[in-house]
Amino acid sequence: MWYFAWLLGLPLAAIFAVMNAMWLELQRDRILAGEAEAPDPQDS
């Protein structure tokens, strides 16, 4: 019965890893987009 744990656990771990990587990439893109839209304080 141990193989049921592997059968369920490995795909869930892979899905979690992919979702985590996608979330981190979105966070980085959101930060970069915010920096690009922010006015430059030296231009004032």
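Take the position in the sequence shown, starting the count at 1, then add 31; the result is the number in the working numbering. By construction, the Cβ of each residue, glycine as well, lies at the ideal position given by its N, Cα and C atoms.
Collapsing the DSSP output to three states places Met53 in a helix. Spanning the alpha carbons of Pro42 and Met53 requires a straight line of approximately 16 angstroms. Straight across, the Cα-Cα distance linking Trp37 with Val49 is about 18 angstroms.
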